[in-house]
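With the first letter of the sequence shown counted as 1, position 307 gets the number 307 in our numbering; the numbers rise by one all the way through.
First the structure, in the form of structure tokens, and then the observations on it.
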Amino acid sequence: MSGTAADYLASTLAQAGVKRIYGVVGDSLNGLTDSLHRQAQIDWVHMRHEEGAAFAAGAEAHLTGELAVCAGSCGPGNLHLINGLYDCQRSGVPVLAIAAHIPSAEIGIDYFQSTHPESLFKECSHYVELVSNPAQLPQILHRAMRVAVARRGVAVVVIPGDIATGRLHAEPPEWLLPVAPSVQPQAAEVAQLATILNESERVALFCGAGCAGAHAEVMELARTLQSPIVHTLRGKEHIEYDNPYDVGMTGLVGFASGYKAMKRCDTLVVLGADFPYRQFFPEHARIVQIDVRAEALGNRCPLTLGLLGGVKETLTALLPRLEAKTDGSFLASAQQDYVEARKDLDKLAELDEGTRHIHPQAVTRIVSELAADDAIFTCDVGTPIAWTARYLKLNGKRRLVGSFNHGSMANAMLHAIGAQVSHPDRQVISFSGDGGFAMMMGEFLTLLQLDLPVKIVVLNNGTLGFVEMEMKANGYPDVGCDLKNPNFAAMAEAMGIKGIRVEDPQALEGAIAAALAHKGPVLVDVVTPRQELIMPPKTSMEEAGNFGLFMLRAVLDGRAGQLIDLAKVNLLR
């Protein structure tokens, strides 16, 4: 084909199956957006902020497993991509970023909007390269696409605006993208793992996102070994459903039952998880790990054995070598712990005639009960993660997207946009915190602009809740956490989007049902108490002491009223 480099870029992406590019237009992107318009094969998804574009692309890649694309114009435009791309990279989803650049003749002399994107994107990508003349584009573009897909992360093509409009005579090749390989450890390693598990008496499984597609094999492993299954938050959508061995999560937003199962086992099997909190791993147990990423093996704790391989492939080879265990006492004990933990948590999510506050636990429970069987959920970092982890029920068809590794605020609505654009026939629900929603509130207009029927549930508690609790747990006064919020529902109505404000606990279920039944976008502004506590699965004496120190400081600081509110919300329920 004969045309511009931008024409080649657009036609190559279309041939690879890319259906859309998320971004904000700009002069250095004009060549690309013009090519997309003329070829009419790829949609330009008009976002309000490039960070939103990267998060939206990341959600699409997470849900489809296929290459998603975002773009930013030169200088500030592609700088805005960086936070979202960090999230994509740490979540292991295949995303290609087109980072437009200043005119090639002006590079290196401090031109208007000048940056060095080939350096800036290095830490959040597997591959980043500058196209310095049109003839370079095919080889750089092809490599970037292959790397993003094969290494499950971000690749960046940096292209100056004048290079994009330069002439290029080239045809896209027939083959562009690799298929994920099947990775299985050597037979000797599998045999060694089988020996360890056959000799063990109390085996617990710890399952992460690497268990995707291996549900049946993990269940059979648990049945054979009579093992309780603990999962990470990213593993929730792949492991929690149809699971009689489930004993919940561990970690800061987990259950006491998950914490106990891991601490009491004599062998822990880590399956496709790179859980970052070392204090939750057992101190005196053998730990074995299976992961397709070499860098994850032994990354969090010393291992007795690490196997490089996919979870499904490795368990398929392992299961015939295992001896079925007949002693189910360890599993039964863990399951009973889970029943007790679940009972206490569910009690916190109840609403009755005497309920005086809208507790966020109840909000999440009701949304979970009323949402579609194949709904896609997103949740903000902070307190929404805790309620999602504990009260959102997944079933093998529902999906969950969040910034669970990067931990960025304001991800939920941005992820929801990518989910809805790429899955127009699915119900998409965002659990947004008031801080996160306000941080990227400009993208709320994208729902109107693109007519996306996303349902935004804002937990409006007037504070950066998780940060406030971290401060309290460490004995610090909660400084700088207050949020002076508007009536978000009234704001939505002023923008032309349906808004529902809920202040009465008895009106909650009806409001959520009405929102989910509405055909267009909806914002449900739920006023929840500021002082709702999230208790970790185990509280240390140091944490208890620090919390006591916070209470003393609060009294000395003249804020004893906060402590009264804390007691009213959490004790008088």
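We put the beta carbon where it would ideally sit given N, CA and C, even for glycine.
Values in this document were obtained by computation on a predicted structure and should not be read as measured data.
Per-residue DSSP class, three states only, for residue i
i	result
M249	strand
A410	coil
N83	helix
N78	helix
C124	helix
R202	coil
W44	strand
S583	The structure shown does not extend to residue 583, since the chain is modelled only from 1 to 573, so the question has no answer here.
R530	coil
K519	coil
H37	helix
L370	helix
R398	coil
C211	helix
I140	helix
A544	The pLDDT assigned to A544 is 47, lower than 50, so where the model puts this residue is not dependable; a value taken from the coordinates is nonetheless given after this. If DSSP states are grouped into helix, strand and coil, A544 belongs with the helices.
Residue closest to residue i, alpha-carbon to alpha-carbon, out of the options
i	options	result
A57	D525, G153, Y8	G153
H423	N460, D374, G248	D374
Y338	G65, Y259, G435, G496	Y259
M441	M495, K397, Y391	M495
E353	Q506, V230, F330, A334	Q506
G3	V190, R20, F466, L36	L36
E340	F255, T314, R399, A386	F255
N487	N461, L508, G510	N461
A209	G92, A105, P521	G92
E246	P276, S333, N299	The question names Glu, but residue 246 in the sequence shown is Asp. Among P276, S333, N299, the Cα nearest to that of D246 is on S333.
A511	R399, V157, L32, V363	V363
V428	T33, G235, P453	P453
V230	G213, M249, A214, M219	M249
H169	P276, T64, Y8, I290	Y8
M124	V158, I82, S73, A105	Here residue 124 is Cys; the residue named in the question, Met, does not match the sequence. Cα-wise, what sits closest to C124 is I82.
T267	L394, I239, E201, A14	E201
Cα-Cα separation between residue i and residue j, rounded to whole angstroms
i	j	result
E217	H357	43 Å
T304	E237	28 Å
V526	F206	34 Å
P178	V149	7 Å
E199	G272	23 Å
L137	V421	28 Å
T165	I42	18 Å
A513	T232	30 Å
T115	R146	26 Å
S11	K498	39 Å
R426	L331	37 Å
A6	V128	18 Å
R48	G23	8 Å
I109	P117	15 Å
G480	H415	27 Å
F55	Q89	11 Å
H101	S28	6 Å
I107	R20	29 Å
R286	R300	14 Å
L523	K484	18 Å
Residue i burial status per 10 Å Cβ neighbour count (16 or more: buried)
i	result
K312	buried
N411	buried
K325	buried
H80	buried
W175	exposed
E189	buried
D380	buried
K455	buried
T195	exposed
N474	exposed
Q279	exposed
F584	Since the first residue of the chain shown is 1 and the last is 573, residue 584 is not available in this structure.
Distance cut-off 7 Å: residue i Cβ against heavy atoms of the ligand ATP
i	result
W175	The ligand ATP is not part of the structure shown, which contains no ligands of any sort.
Start and end residues, beta strand (DSSP E) containing residue i
i	result
I429	428 to 433
H101	95 to 101
N460	455 to 460
V158	154 to 160
A68	68 to 72
D291	286 to 291
Proximity test, Cβ basis, 8 Å: residue i and chain C
i	result
E313	No chain C appears in this structure, which consists of one protein chain only.
Residue range of the unbroken alpha helix (DSSP H) whose run includes residue i
i	result
H62	50 to 64
F444	444 to 450
H238	236 to 239
L225	215 to 225
D391	For the record, residue 391 in the displayed sequence is Tyr; it is not Asp. 383 to 391 is the span of the alpha helix (DSSP H), which, as asked, contains Y391.
Y8	5 to 15
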